[in-house]
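K.L.:
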Amino acid sequence: MTSSHLHNLRVAIVGAGPAGIYAGNILTNSVTDAGGAVAIDLFESLPAPYGLIRYGVAPDHPRIKGIVNSLHEMLDAGTTRFIGNVEVGRDISLDELHERYDAVILATGAIRDAALDIPGIDLPGSYGAADFVAWYDGHPDVPTEWPLDQREVAVIGNGNVALDVARVLAKHAVDLRSTEIADNVLAGLEASAVTDVHVFGRRGPADIKFTPIELRELGEVPNVEIVVHDEDFVDADPANASNNQLKVMLRILNGWRTRESTGASRRLHLHFYHSPVEVLGEGKVEGIRFERTRPVGDGRVEGTGEFREFAVQQLYRAVGYYGTPVIDAPFDERAGVVPNVEGRVKDARVTGDSDAPVITGLYATGWIKRGPVGLIGHTKSDAMETVAHLVADAEAGRLTAPAIDGDVLELLDEREVAYTTWDGWLALDAHERELGATHLHTRERVKVVPRDEQVRISRGTLVP
Ligand SMILES: Cc1cc2nc3c(=O)[nH]c(=O)nc-3n(C[C@H](O)[C@H](O)[C@H](O)COP(=O)(O)OP(=O)(O)OC[C@H]3O[C@@H](n4cnc5c(N)ncnc54)[C@H](O)[C@@H]3O)c2cc1C
Ligand SMILES: NC(=O)c1ccc[n+]([C@@H]2O[C@H](COP(=O)([O-])OP(=O)(O)OC[C@H]3O[C@@H](n4cnc5c(N)ncnc54)[C@H](OP(=O)(O)O)[C@@H]3O)[C@@H](O)[C@H]2O)c1
Numbered sequence: 003m004t005s006s007h008l009h010n011l012r013v014a015i016v017g018a019g020p021a022g023i024y025a026g027n028i029l030t031n032s033v034t035d036a037g038g039a040v041a042i043d044l045f046e047s048l049p050a051p052y053g054l055i056r057y058g059v060a061p062d063h064p065r066i067k068g069i070v071n072s073l074h075e076m077l078d079a080g081t082t083r084f085i086g087n088v089e090v091g092r093d094i095s096l097d098e099l100h101e102r103y104d105a106v107i108l109a110t111g112a113i114r115d116a117a118l119d120i121p122g123i124d125l126p127g128s129y130g131a132a133d134f135v136a137w138y139d140g141h142p143d144v145p146t147e148w149p150l151d152q153r154e155v156a157v158i159g160n161g162n163v164a165l166d167v168a169r170v171l172a173k174h175a176v177d178l179r180s181t182e183i184a185d186n187v188l189a190g191l192e193a194s195a196v197t198d199v200h201v202f203g204r205r206g207p208a209d210i211k212f213t214p215i216e217l218r219e220l221g222e223v224p225n226v227e228i229v230v231h232d233e234d235f236v237d238a239d240p241a242n243a244s245n246n247q248l249k250v251m252l253r254i255l256n257g258w259r260t261r262e263s264t265g266a267s268r269r270l271h272l273h274f275y276h277s278p279v280e281v282l283g284e285g286k287v288e289g290i291r292f293e294r295t296r297p298v299g300d301g302r303v304e305g306t307g308e309f310r311e312f313a314v315q316q317l318y319r320a321v322g323y324y325g326t327p328v329i330d331a332p333f334d335e336r337a338g339v340v341p342n343v344e345g346r347v348k349d350a351r352v353t354g355d356s357d358a359p360v361i362t363g364l365y366a367t368g369w370i371k372r373g374p375v376g377l378i379g380h381t382k383s384d385a386m387e388t389v390a391h392l393v394a395d396a397e398a399g400r401l402t403a404p405a406i407d408g409d410v411l412e413l414l415d416e417r418e419v420a421y422t423t424w425d426g427w428l429a430l431d432a433h434e435r436e437l438g439a440t441h442l443h444t445r446e447r448v449k450v451v452p453r454d455e456q457v458r459i460s461r462g463t464l465v466p
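Taken in order, the sequence shown gives residues 3 to 466; the numbers are from this note's numbering.
Printed below as a string of structure tokens:
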């Protein structure tokens, strides 16, 4: 028998990245399977859906197309209503959502860089990887120009973001032409002076957080040579690898030790056991100083007391992302997540307050729930856990019924918020594909970058 609480359930989801979209889809299925009915509004601060899939995944990584197609189908089914260009906390408050919905799910992910707290990190020429990623993916809220006027560049970190950033910096622009990269980005990369990209890990080859496909791909970039250093391979025997993925990657890395020099015009250097200590320079980045480390046997490293300096004129820190808080929602600033127990948000303003009660009707999923680690697919299992608790709370009558009836779009209209809709996204999507088809270098799409232009195309108010 269906719980009466599962009828006319109204849920708001904040953030239309994969976590928010999966949550909407799983919630719809759970409730309808139980014979109930749910109306879901999916709020997104950007005019377009897909979060880091649109503004994080590298343009030369079309492999995730299958995932995008399935997320598209979920929203196209119409059971989750997309409401874009609406920032929760600014255009509508969290309290206003609570007044209108039985439950709110926060799925705001992460868009900023984690901090790297070393002297000199704020010097001009020192950047966060997330900002560079946002630029090359055509995010509407970052400047359209990026200074690629230096030859030697450092990337700090040994995760997949570091690999993406290093690859895009090293790759010749001609090899990115067929991707959906925006024209301003292609022009910036075509003018790039970069010759050497140095990637630094503070631990060893056996402690990398790369994935095999991404690592192998690095060695296949045309006219770019990979440089590794024998002294870094103290603990890198594939036979000792703790899992198969690592075994594959250690084979790839070891293979590069013996590869003949190709005389390529750009080089990508991989350095291990370099812990960043200070960014050097008078008024701008001129170098970076590291302490050499060594393994202590349990995956950790210790400083050796030996310091090394590298002359680089630009620096990108790819040391992780940092969660996007929502105004008036609890936020754990240390961990960069919304504090929660399996997706139920805790009323804790203080990190580590394990006794804090959960907030009725407030949930979290995706990167904002568990931190900025994991692939798109992981956000699906996140959503399953969170939605299961929401449905259980609804069935048990633990949610508070909305105090205000009526369509939230009326409130947004009253406030003159230029929200975008799913039909609007279909229009923008078609427009971008059309731009791609008619482009000098034919490609699947060319992204529209400026926010106002995206909004005008979505809302059908673009003057041709
Ligand atoms: C550079 C990079 C490349 C990656 N490449 C891959 C890859 O190739 N393959 C792979 O499987 N995974 C990849 N990942 C991981 C993948 O992107 C994440 O696992 C996934 O995007 C996390 O989903 P999410 O929905 O939690 O967050 P996000 O994707 O960040 O989505 C959150 C959404 O919430 C919106 N939002 C934030 N605040 C508000 C607000 N106040 N109001 C309304 N909306 C708001 C944001 O605009 C955003 O659209 C990559 C990650 C990065 C950083
Ligand atoms: N193509 C893809 O599939 C793809 C692309 C991009 C991102 N992603 C995924 O997105 C998630 C986030 O990736 P990410 O690269 O941002 O994070 P990540 O995988 O957590 O890697 C962060 C890296 O930064 C290093 N680091 C952290 N603090 C540091 C410090 N103070 N000094 C020096 N190094 C420091 C870490 O080293 P330690 O290990 O020593 O802590 C680690 O090597 C990952 O799950 C990733 O797989 C996937």
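Just so it is clear, CB atoms sit at the ideal spot from N, CA and C, and this is done for glycine as well.
1. At a cut-off of 7 angstroms, is S383 close to ligand 2 when judged by its beta-carbon and the heavy atoms of the ligand?
2. Using only alpha-carbon positions, find the residue among T440, A350, Y318 that is nearest to Y129.
3. Taking just the CA atoms, how far does V250 sit from D35?
4. Cβ-heavy atom distance between L377 and ligand 2 below 7 angstroms?
5. Residues in the same chain with beta-carbon distance under 6 angstroms from S47, minus the five sequence neighbours each way, listed in chain order, please.
6. Express the C-alpha separation of L108 and G58 in angstroms, rounding to a whole number.
7. From which residue to which residue does the beta strand (DSSP E) around P214 run?
8. Under the three-state reduction of DSSP, which class applies to I66: helix, strand or coil?
9. Please determine if the stretch 187-200 and the stretch 75-82 are in contact, where contact requires at least 3 C-beta pairs separated by less than 8 angstroms.
10. Buried or exposed for A366, going by 16 or more other Cβ atoms inside 10 Å?
11. By how many angstroms is the C-alpha of V170 removed from the C-alpha of R205?
12. Could you give the residue range of the alpha helix (DSSP H) that holds G438?
13. Going by the C-beta, is L312 closer than 7 angstroms to any heavy atom of ligand 1?
14. Which residue spans inside the stretch 6-52 form an unbroken beta strand (DSSP E) run of at least 3?
15. If you measure from the CB of S47, is any heavy atom of ligand 1 nearer than 7 angstroms?
16. Answer yes or no: the CB of A320 versus the heavy atoms of ligand 2, is any distance below 7 angstroms?
17. Under 8 angstroms, do G91 and G368 count as touching if we go by C-beta distance?
18. Could you tell me the distance, in whole angstroms, from the CA atom of V236 to the CA atom of G159?
19. DSSP three-state label for F333, please.
20. Looking at the secondary structure, which residues open and close the beta strand (DSSP E) in which D357 lies?
21. Can you tell me whether DSSP reads I542 as helix, strand or coil?
22. For V352 and Q152, what's the separation of their Cα atoms in angstroms?
23. In angstroms with no decimal places, state the Cα-to-Cα distance between A136 and V230.
24. Of the choices Q315, H174, G285, whose alpha-carbon is the least far from that of A266?
25. If you reduce the DSSP assignment to three classes, tell me which class L442 lands in.
26. Straight-line CA distance for A50 to V393?
27. If you follow the beta strand (DSSP E) that F1 is part of, which residue opens it and which one closes it?
28. Would you report the Cα separation of P20 and L377, rounded to the nearest angstrom?
29. Check V223 in the structure and name its three-state DSSP category.
30. Contact defined as beta carbons within less than 8 angstroms: I believe R261 pairs with P240. What is the distance between those atoms, to the nearest angstrom?
31. Going by beta carbon distance, what residues of the same chain come within less than 8 angstroms of A39, once the five residues before and after it are set aside?
32. Using a 10 Å radius around the Cβ and a threshold of 16 neighbouring Cβ atoms, would you call L217 buried or exposed?
33. Taking only three categories from DSSP, how would you classify A168?
34. Mind reading off the beta-carbon distance from L165 to L178? Whole number of angstroms is fine, and I expect it under 8 angstroms.
P.N.:
In this structure, then:
1. Along the sequence shown, read from residue 1 onward, the residue named residue 383 stands at position 381. Placement of the Cβ of S383 at a distance of 7 angstroms or more from every heavy atom of ligand 2 is found.
2. Position 127 of the sequence shown, counted from the start, is the residue given in the question as residue 129. Among T440, A350, Y318, the Cα nearest to that of Y129 belongs to Y318.
3. The residue labelled residue 35 in the question sits at position 33 within the sequence shown. The residue labelled residue 250 in the question sits at position 248 within the sequence shown. Rounded to whole angstroms, D35 to V250 spans 42 angstroms at the Cα level.
4. One-based indexing of the sequence shown puts residue 377 at position 375. L377 Cβ: within cutoff of ligand 2.
5. Residue numbering aside, residue 47 sits at position 45 when the sequence shown is read from its first letter. The answer, listed in chain order, is E89.
6. In the sequence shown, the residue the question calls residue 58 occupies position 56. In the sequence shown, the residue the question calls residue 108 occupies position 106. Going from the Cα of G58 to the Cα of L108 covers about 19 angstroms.
7. Indexing the sequence shown from 1 puts residue 214 at position 212. The continuous stretches of beta strand (DSSP E) do not include P214, which lies in the alpha helix (DSSP H) extending over residues 214-220.
8. Counting from 1 along the sequence shown, the entry for residue 66 is found at position 64. DSSP places I66 in helix when its eight states are reduced to three.
9. With the rule of 3 Cβ pairs closer than 8 angstroms, the stretch 187-200 does not count as touching the stretch 75-82.
10. For the purposes of this step, residue 366 is taken as the residue at position 364 of the sequence shown. So A366 ends up on the buried side.
11. As a first step, residue 205 must be located in the sequence shown, where it is residue number 203. As a first step, residue 170 must be located in the sequence shown, where it is residue number 168. Each residue's Cα considered, the two are about 23 angstroms apart.
12. In the sequence shown, residue 438 corresponds to position 436, counting from 1. Start and end: 424-439.
13. Indexing the sequence shown from 1 puts residue 312 at position 310. The identity of residue 312 in the sequence shown is Phe, whereas the question assumes Leu. At a threshold of 7 angstroms, F312 does not count as near ligand 1, since its beta carbon sits no closer than that to any of the ligand's heavy atoms.
14. List check, beta strand (DSSP E) in window: 11-16, 40-45.
15. The residue labelled residue 47 in the question sits at position 45 within the sequence shown. Yes - ligand 1 has a heavy atom lying nearer than 7 angstroms to the Cβ of S47.
16. The sequence position of residue 320 within the sequence shown is 318, counting from 1. Answer for A320: yes, Cβ within range of ligand 2.
17. One-based indexing of the sequence shown puts residue 91 at position 89. One-based indexing of the sequence shown puts residue 368 at position 366. No, Cβ-Cβ distance for G91 and G368 is not below 8 angstroms.
18. In the sequence shown, residue 236 corresponds to position 234, counting from 1. In the sequence shown, residue 159 corresponds to position 157, counting from 1. Answer to the nearest angstrom: the Cα atoms are 19 angstroms apart.
19. The residue given as residue 333 occupies position 331 in the sequence shown. Judged by DSSP in its simplified three-state form, F333 adopts coil rather than helix or strand.
20. In the sequence shown, the residue the question calls residue 357 occupies position 355. Per DSSP, D357 belongs to no beta strand (DSSP E) and is neither H nor E.
21. Given a span of 3 to 466 for the chain in the structure shown, any question on residue 542 remains unanswerable.
22. For this step, residue 352 is matched to residue 350 along the sequence shown. For this step, residue 152 is matched to residue 150 along the sequence shown. Since pLDDT at V352 reaches only 49, below the 50 mark, its modelled position is unreliable, and the value read off the structure follows with that caveat. Between V352 and Q152, the alpha-carbon positions lie close to 43 angstroms from each other.
23. Taking the sequence shown and counting its residues from 1, one reaches residue 136 at position 134. Taking the sequence shown and counting its residues from 1, one reaches residue 230 at position 228. Those two C-alpha atoms are separated by around 29 angstroms.
24. For the purposes of this step, residue 266 is taken as residue 264 along the sequence shown, with counting starting at 1. Looking at the Cα atoms, H174 is the closest of the given residues.
25. The residue given as residue 442 occupies position 440 in the sequence shown. In the structure shown, the three-state DSSP call for L442 is coil.
26. For the purposes of this step, residue 50 is identified with residue 48 of the sequence shown, where counting begins at 1. For the purposes of this step, residue 393 is identified with residue 391 of the sequence shown, where counting begins at 1. Looking at the two C-alpha atoms, the distance is approximately 28 angstroms.
27. Limits of the chain in this structure are 3 at one end and 466 at the other, which puts residue 1 out of reach.
28. Here residue 20 is taken as the residue at index 18 of the sequence shown, counted from 1. Here residue 377 is taken as the residue at index 375 of the sequence shown, counted from 1. Straight through space, the alpha carbons of L377 and P20 are spaced by roughly 10 angstroms.
29. As a position in the sequence shown, residue 223 is number 221, starting the count at 1. V223: coil per DSSP, three-state reduction.
30. Within the sequence shown, residue 261 is the residue found at index 259, counting from 1. Within the sequence shown, residue 240 is the residue found at index 238, counting from 1. Contact doesn't hold; Cβ gap of about 16 angstroms is too wide.
31. Taking the first residue of the sequence shown as 1, we reach residue 39 at position 37. Here the set comprises L8, H9, N10, L11, V33.
32. Walking along the sequence shown from the start, residue 217 turns up at place 215. Its Cβ being crowded by 16 or more others within 10 Å, L217 is buried.
33. Position 166 of the sequence shown, counted from the start, is the residue given in the question as residue 168. A168: helix per DSSP, three-state reduction.
34. Your numbering for residue 165 matches position 163 in the sequence shown. Your numbering for residue 178 matches position 176 in the sequence shown. Contact doesn't hold; Cβ gap of about 15 angstroms is too wide.
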